[in-house]
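Enquirer: Chains as they are written, first to last, in the numbering used here: chain A, 1 to 351; chain B, 352 to 702.
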DNA sequence: CTGAAAGCGCTTACAG
DNA sequence: CTGAAAGCGCTTACAG
């Protein structure tokens, strides 16, 4: 046994807030622009000129000396300093409520992809926590010097006020309606739902249920109802549950217990659909034979459920490109853009 | 038609990089610490003293004046300036490969939760894109002045070098093994897999398949093999596929075509399991009757699949707390911590 | 084409 | 207990 260790209080103390003596706590000084300038034999301003291509042209020879020094030193500009100086960073914030929702997962991936194409980095923030009664993440948005913010969530009035007061471009995505004072992007929820339900009607279904979130605000429920009305059909039962796995599961159970002759259902999100499928299977119902299903979103996940989901898909790539472009070009003025959806037919609808 | 608009080139030009004339391009100047100081009638240093509680005590009356001014002005400290001054921010980077993997979704949520408890913000970065042949996100990590970085991914040698050179604490999570020079956190993959397979053996299965990623490095495959050997059983077929939905689907198809009498399978991730279930159902196999399944990870999603997955679960909350704590306390020195897994029995194993 | 200098908004040793 | 001042690492008008 090593007595030196036994006697060293910094060892074996799980509460030590310092690294044990001997561990190099990495005081490796970062390479700065001055280091590059010194090595290249130029002023530090010239380093900026070369790296940013602005605001001045630089002689080819000088330029090369700087580039060589950058390479040799492995210099990486400090983005924090750059952001402070410029008044903005190249980080775009993305606010989603819950990363476990397959829709937000796909959205985050597309936003990331689009941002990267512009040399931007995405910072994903989960707003779910505010429902824990903790301080809203939204409130902290102003502290990071973000280049812009994309919010894929529904804001309360107070939150809208907070966000509106921010001095950076904001784009609201995944929105049902125009939002006063904001650039909003959404799909044609009504039209998509209508198309989904119409598909079921065309397949011969006469009693079609709805599974979705809170009643009264969601155009998808209206789309469902309108498609039925236009076909002279009565609306089937509507199940209003939270947009979470558990909500979908509960709705699926409700649907399985239905005794009114429902043969099909339109489910407003694939996160709900995933769990609703489980509940239906649990009750021994076959899909699409006993209950045909069309979902909404068009996530990657939907193709790998059983049965694979027929769904109306959002053009996420285009929407993400649009949102990012409007941040980057600072054109996030008030308006509302809706994108059309497309019907993707798989096994769950029995087509 | 409005001629004024027609003649205004700033309108209707989709490529305009400026907001249309008239749109307030938000030159609302941010409130700074100097504004607060002026209003409170103190020096700007005192504002910092009050807000940070350091390094000096402040007279109660002065303190109140500052607090009032902060409140009145709605002052929020500029975190960029703070980070530059302090040499570190309060943002923790989390690198995951693919947000669509339910495991990473759950992990991101737990890391976020833990970080918030320490007043930190999490910046989620997707590393998936590097496989597109694009520049690695990893390389840019040094530019953001992050307080620390948590990496839930397998690094190449070159990436390890890059990360090791960073001057901030780094914690590797979801790791199979110790990583030279890094603080690594992982579950007992071998033990978890062993437990999963043992569960199937105890249920009477004699021929048990494996579905997972590349062979040769994953302790879960060893755990599967060892549990079988210890029970004097031959290993069943092993399906090696990518950790994505499509991989799981292909493995499921392979398993469904198996003609060697397999009655059960251990699946190394729930993302793969989700899609494998679909393939098995597609071939008309009943679970657990024809094929019993135990998965690995313990995500939220697993409980809502059909049938609900028996699985060995990772103690994500504890692991996330640990990772964040080591960043915040700067104790991310080299070591390897493994956490035990727990068996969660649901319908898929037929217990 | 190149450089000295001010400024971005903070923190904190140092001196009163 | 309070304040003047230097410094974090950049960008960029301004002057040579």
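All residues carry an ideal CB built from backbone N, CA and C; glycine is no exception. Model, not experiment: these values are computed from the prediction.
What residues of chain A sit near residue 430 (chain B), judged by a beta carbon separation below 8 Å?
Expert: 143, 144, 145
Enquirer: Have a look at the DSSP bridge pairing and note the partners of residue 643 (chain B).
Expert: B:615
Enquirer: Where does residue 312 (chain A) sit, in a helix, a strand or coil, going by DSSP?
Expert: strand
Enquirer: Can you tell me which of B:563, B:568, B:578 puts its alpha carbon nearest to the alpha carbon of residue 712 (chain B)?
Expert: A question about residue 712 (chain B) goes unanswered here, because the residues of chain B that appear run from 352 up to 702.
Enquirer: Identify every run of the beta strand (DSSP E) within the region 150-181 of chain A, keeping only runs that are complete inside it and at least 3 residues long; order them along the chain.
Expert: Qualifying beta strand (DSSP E) stretches, in chain order: 170-173.
Enquirer: What does a CB cutoff of less than 6 Å around residue 331 (chain A) pick up in its chain, not counting 5 residues either side in sequence?
Expert: none
Enquirer: Relative to the C-alpha of residue 76 (chain A), which candidate in A:155, A:33, A:328 has its C-alpha closest?
Expert: A:33
Enquirer: Contact between the region 575-590 of chain B and the region 602-622 of chain B: three or more CB pairs below 8 Å?
Expert: Segments in contact, yes.
Enquirer: Helix, strand or coil for residue 133 (chain A), going by three-state DSSP, please let me know.
Expert: Because the pLDDT of residue 133 (chain A) is 43, which lies under 50, any placement of that residue in the model is unreliable, and the number read from its coordinates should be weighed accordingly. Reduced to three states, the DSSP call for residue 133 (chain A) is coil.
Enquirer: DSSP three-state label for residue 123 (chain A), please.
Expert: strand
Enquirer: Measure from the alpha carbon of residue 312 (chain A) to the alpha carbon of each residue in A:328, A:295, A:300, A:304, then state which is nearest.
Expert: A:295
Enquirer: Along the beta strand (DSSP E) that carries residue 94 (chain A), what are the first and last residues, could you check?
Expert: 91-96
Enquirer: By Cβ distance, which residues of its chain are closer than 7 Å to residue 700 (chain B), with the 5 residues on each side in sequence left out?
Expert: 550, 551, 554, 639, 643, 644, 645, 661
Enquirer: By the three-class DSSP mapping on this structure, what secondary structure does residue 628 (chain B) have?
Expert: helix
Enquirer: Please report the distance separating the alpha-carbon of residue 283 (chain A) from that of residue 231 (chain A).
Expert: Near 30 Å, if we compare the C-alpha coordinates of residue 231 (chain A) and residue 283 (chain A).
Enquirer: How many angstroms separate the CA atom of residue 303 (chain A) from the CA atom of residue 346 (chain A)?
Expert: Their backbone Cα atoms lie some 8 Å apart in a straight line.
Enquirer: With a threshold of 8 Å between beta carbons, is residue 106 (chain A) in contact with chain B?
Expert: Contact with chain B is found for residue 106 (chain A), since one of that chain's Cβ atoms lies less than 8 Å from the residue's Cβ.
Enquirer: Taking 8 Å as the CB-CB cut-off, is residue 632 (chain B) touching chain A?
Expert: yes
Enquirer: If you draw a straight line from the C-alpha of residue 411 (chain B) to the C-alpha of residue 398 (chain B), how long is it?
Expert: 13 Å
Enquirer: Using beta-carbon positions only, say whether residue 460 (chain B) and residue 219 (chain A) come within less than 8 Å of one another.
Expert: no
Enquirer: Count the other CB atoms, across all protein chains shown, that sit within 10 Å of the CB of residue 415 (chain B); report buried if there are 16 or more and exposed otherwise.
Expert: exposed
Enquirer: Report the rounded CA-to-CA distance for residue 455 (chain B) versus residue 625 (chain B), giving the unit in angstroms.
Expert: 15 Å
Enquirer: Find the residues of chain B that neighbour residue 304 (chain A), judging by a C-beta separation of less than 8 Å, and give them in chain order.
Expert: 596, 597, 599, 600, 625, 626, 629
Enquirer: Count the other CB atoms within 10 Å of the CB of residue 72 (chain A); is the residue buried (16 or more) or exposed (fewer)?
Expert: Residue 72 (chain A) comes out exposed.
Enquirer: Closer than 8 Å, CB to CB, is residue 440 (chain B) near chain A or not?
Expert: Output row for residue 440 (chain B): interface = yes.
Enquirer: Would residue 442 (chain B) pass as a contact of residue 418 (chain B) if the rule is Cβ separation under 8 Å?
Expert: no
Enquirer: What is the DSSP secondary structure of residue 694 (chain B), reduced to helix, strand or coil?
Expert: When secondary structure is reduced to three states using DSSP, residue 694 (chain B) falls in the strand class.
Enquirer: Pull up the CB-CB distance for residue 228 (chain A) and residue 187 (chain A), whole angstroms please, since I reckon it's below 8 Å.
Expert: With a Cβ gap of about 21 Å, residue 228 (chain A) and residue 187 (chain A) do not count as contacting.
Enquirer: Using the C-alpha atoms, what's the distance from residue 607 (chain B) back to residue 470 (chain B)?
Expert: 49 Å
Enquirer: Which word fits residue 169 (chain A), buried or exposed, when buried means at least 16 other C-beta atoms lie within 10 angstroms of its C-beta?
Expert: buried
Enquirer: On the criterion of 16 or more Cβ atoms from any shown chain inside 10 Å, does residue 685 (chain B) qualify as buried, or is it exposed?
Expert: exposed
Enquirer: Helix, strand or coil, according to DSSP, for residue 553 (chain B) in the structure here?
Expert: helix
Enquirer: Going by beta-carbon coordinates alone, are residue 559 (chain B) and residue 524 (chain B) separated by less than 8 Å?
Expert: no
Enquirer: Please classify residue 705 (chain B): is it buried, with 16 or more other beta-carbons within 10 angstroms of its beta-carbon, or exposed?
Expert: The question about residue 705 (chain B) has no answer, for chain B in this structure spans 352 to 702.
Enquirer: Excluding the 5 residues preceding and the 5 following residue 493 (chain B) in the sequence, name in chain order all residues of the same chain whose CB lies nearer than 6 Å to its CB.
Expert: For residue 493 (chain B), where only same-chain residues beyond five positions count, the Cβ hits under 6 Å are 517.
Enquirer: Quick check: residue 425 (chain B) and residue 476 (chain B), are their CB atoms within less than 8 Å of each other?
Expert: no
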